[in-house]
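Going by the numbering used here, the sequence shown opens with residue 4, and the numbers climb by one from there.
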Amino acid sequence: MKITAWTALMIVCLSCGFAMLSSCKSGRNYTQEGMKAEAKGDIQSAIELYTDAIEAEDLDLKGSTIVFTNRGNLYFKKGLYEKALDDYDEASSRYPYYPQTYYQRGLLYGALGEYKRAIRDFSRAIDYRMEYSKQEYPDAYFARGNAYGRLGKLKRAIGDYDKSISLRPKTSHYHLKRGVVYFAMGKKERALSDFEKARALYKFSAIPIVYQGAVYYAYGDYDKAAVYFAMAQKQDPKNALAAIWLHLAQWRGERLTRSGATLADVRPKSGWHAQLIDMLTEKITPEELENRSKSDNPMKTRSQAHSAAFYTGEFHLLKSGSDAARIYFNKCLKVIPHAEIESVIAGMELERLKQLK
Numbered sequence: 004m005k006i007t008a009w010t011a012l013m014i015v016c017l018s019c020g021f022a023m024l025s026s027c028k029s030g031r032n033y034t035q036e037g038m039k040a041e042a043k044g045d046i047q048s049a050i051e052l053y054t055d056a057i058e059a060e061d062l063d064l065k066g067s068t069i070v071f072t073n074r075g076n077l078y079f080k081k082g083l084y085e086k087a088l089d090d091y092d093e094a095s096s097r098y099p100y101y102p103q104t105y106y107q108r109g110l111l112y113g114a115l116g117e118y119k120r121a122i123r124d125f126s127r128a129i130d131y132r133m134e135y136s137k138q139e140y141p142d143a144y145f146a147r148g149n150a151y152g153r154l155g156k157l158k159r160a161i162g163d164y165d166k167s168i169s170l171r172p173k174t175s176h177y178h179l180k181r182g183v184v185y186f187a188m189g190k191k192e193r194a195l196s197d198f199e200k201a202r203a204l205y206k207f208s209a210i211p212i213v214y215q216g217a218v219y220y221a222y223g224d225y226d227k228a229a230v231y232f233a234m235a236q237k238q239d240p241k242n243a244l245a246a247i248w249l250h251l252a253q254w255r256g257e258r259l260t261r262s263g264a265t266l267a268d269v270r271p272k273s274g275w276h277a278q279l280i281d282m283l284t285e286k287i288t289p290e291e292l293e294n295r296s297k298s299d300n301p302m303k304t305r306s307q308a309h310s311a312a313f314y315t316g317e318f319h320l321l322k323s324g325s326d327a328a329r330i331y332f333n334k335c336l337k338v339i340p341h342a343e344i345e346s347v348i349a350g351m352e353l354e355r356l357k358q359l360k
């Protein structure tokens, strides 16, 4: 078939037209595709699609706020905190009434240890959601309670946990965290009650049982604590934390007949709990554990430094005496002074050590 110049020109024009149409997706199209990629767990593709949506420059203020918030969430997940904060700040400047932006930025501030800023953002999220959607925000109340707890404002933390539980009573981790704060306040029975509720709501988790055992451990009832830790280990045979606590309780109760065997049985191949077990079984030194607690992620570093100090304190209390233990318990409280199981017990251990002087 002979192709005329006119036909060739039409083919070229049609090809260019299709190319232009395919490259002229709207910001809304890119946003939808980004959400689909995010739902599939393809974070990098989702970030790129949200970036395309922003660069299309055809979204209204609220639409672009949602996209910046979504992209900020993904940067947060990847540990790119500065980029996440930039996106949240941009989102709040475009449409300052989107509660999700403040909730997510509050979580980021919490991860960075900036709890006062986190509280401010959680409060905004609560207020704006009620003002514009006429809905309560139980997760924001819970998150604000966590931030108050980290600042040692325990009554305010309880108030927020009470509110979150009243709105969503069957959420196990709400009860779990309120129990920790009750424990920090010296309200043992209320703490145990909340841990029992968390256990009933999340029947497949060993953590509420571990926390119940930790309360008895803190008050020196090592035999009863060991019973709970053994129950937790039966619930989840691969739970290294339950095995660590059982080891400590048996050690303190002078019932450790197979030193290190329980820990060796459940030691993960890698990860932080494997490092803790290696220190407790003397495969690495406490100093090596402390060095290994450091990472590029500030939230991870804080959490690991906190647990490294606590479990090293327990190790020294059992192995080398009170002076070294005192140093590490103080380190634990310096990293996270309030509203964590280990922090509460570290404080109680220090009080007991004072009485021994």
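Note that CB positions come from ideal geometry on N, CA and C, so glycine has one too.
How about residue i and residue j: are their beta carbons less than 8 Å apart?
{"i": "D163", "j": "Y135", "result": "no"}
{"i": "A243", "j": "I280", "result": "yes"}
{"i": "A361", "j": "Y131", "result": "This structure gives no information on residue 361, because the portion of the chain shown stretches from 4 to 360."}
{"i": "L195", "j": "S175", "result": "no"}
{"i": "V338", "j": "H319", "result": "no"}
{"i": "S48", "j": "I57", "result": "no"}
{"i": "A235", "j": "G216", "result": "yes"}
{"i": "R97", "j": "L64", "result": "yes"}
{"i": "L283", "j": "I330", "result": "no"}
{"i": "Y91", "j": "D55", "result": "no"}
{"i": "R258", "j": "L321", "result": "no"}
{"i": "Y118", "j": "A87", "result": "no"}
{"i": "A277", "j": "A252", "result": "no"}
Enumerate in chain order the residues of its own chain whose CB-to-CB distance from residue i is below 6 Å, with the five nearest sequence positions on each side excluded.
{"i": "Y53", "result": "G37, V70, N73 and R74"}
{"i": "E41", "result": "A49"}
{"i": "P102", "result": "A128, Y131 and R132"}
{"i": "L62", "result": "G30"}
{"i": "A267", "result": "none"}
{"i": "S356", "result": "Reading the sequence as shown, one finds Leu at residue 356 and not Ser. Same-chain partners within the cutoff: S325 and R329."}
{"i": "N333", "result": "none"}
{"i": "A221", "result": "I348 and M351"}
{"i": "K28", "result": "none"}
{"i": "T315", "result": "P289 and Y331"}
Taking 7 Å as the limit between beta carbons, can you name the residues of its chain near residue i, skipping five residues before and five after?
{"i": "A233", "result": "L249"}
{"i": "I161", "result": "R181 and V184"}
{"i": "R311", "result": "Checking the displayed sequence, the identity of residue 311 turns out to be Ala instead of Arg. Excluding sequence neighbours, A311 sits near L292, E293 and S296."}
{"i": "K241", "result": "V269"}
{"i": "D2", "result": "This structure cannot settle anything about residue 2, because the visible part of the chain is limited to 4 through 360."}
{"i": "K81", "result": "I46"}
{"i": "A187", "result": "L157, H341, A342 and V347"}
{"i": "L336", "result": "S346, A349 and G350"}
{"i": "T104", "result": "T68, T72, Y91, A94 and S95"}
Mark residue i as exposed unless 16 or more other C-beta atoms lie within 10 angstroms of its C-beta, in which case mark it buried.
{"i": "I344", "result": "buried"}
{"i": "E359", "result": "Checking the displayed sequence, the identity of residue 359 turns out to be Leu instead of Glu. Result: exposed."}
{"i": "Q107", "result": "buried"}
{"i": "E317", "result": "buried"}
{"i": "N300", "result": "exposed"}
{"i": "P289", "result": "buried"}
{"i": "E285", "result": "exposed"}
{"i": "F207", "result": "exposed"}
{"i": "S169", "result": "exposed"}
{"i": "L24", "result": "In this prediction, L24 scores a pLDDT of 42, lower than 50, which makes its location untrustworthy; no coordinate-derived value is stated."}
{"i": "G152", "result": "buried"}
{"i": "Q138", "result": "exposed"}
{"i": "D124", "result": "buried"}
{"i": "G274", "result": "exposed"}
{"i": "S95", "result": "buried"}
{"i": "G109", "result": "buried"}
For residue i, report the span of its alpha helix (DSSP H) as first-last.
{"i": "P301", "result": "P301 to K322"}
{"i": "R132", "result": "Y118 to S136"}
{"i": "T34", "result": "G30 to A42"}
{"i": "N76", "result": "L64 to K80"}
{"i": "G350", "result": "I344 to L359"}
{"i": "I210", "result": "I210 to A221"}
{"i": "D90", "result": "Y84 to R97"}
{"i": "R147", "result": "P141 to R153"}
{"i": "N294", "result": "P289 to R295"}
{"i": "L170", "result": "L157 to L170"}
{"i": "S48", "result": "I46 to A59"}
{"i": "N365", "result": "As displayed, the chain neither begins before 4 nor continues past 360, which places residue 365 out of reach and without an answer."}
{"i": "M282", "result": "W275 to L283"}
{"i": "I330", "result": "S325 to V338"}
{"i": "S298", "result": "Element bounds for S298: n/a, residue is neither H nor E."}
{"i": "R202", "result": "K191 to L204"}
{"i": "R270", "result": "Note, R270: premise wrong, no alpha helix (DSSP H); not H, not E."}
Give every residue of the same chain whose Cβ lies closer than 8 Å to the Cβ of residue i, excluding the five residues on either side of it in the sequence, and list them in chain order.
{"i": "L179", "result": "D197, F198, A201, I210, P211 and Y214"}
{"i": "S167", "result": "P141, D142, Y144, F145, G148, T174 and Y177"}
{"i": "R305", "result": "G116, V338 and I339"}
{"i": "R171", "result": "P141 and Y177"}
{"i": "Y84", "result": "Y78, L111, A114, L115 and P301"}
{"i": "K272", "result": "none"}
{"i": "Y1", "result": "A question about residue 1 goes unanswered here, because the residues of the chain that appear run from 4 up to 360."}
**Asked** Are three or more beta carbon pairs between the segment 322 to 342 and the segment 145 to 158 nearer than 8 Å?
**Response** yes
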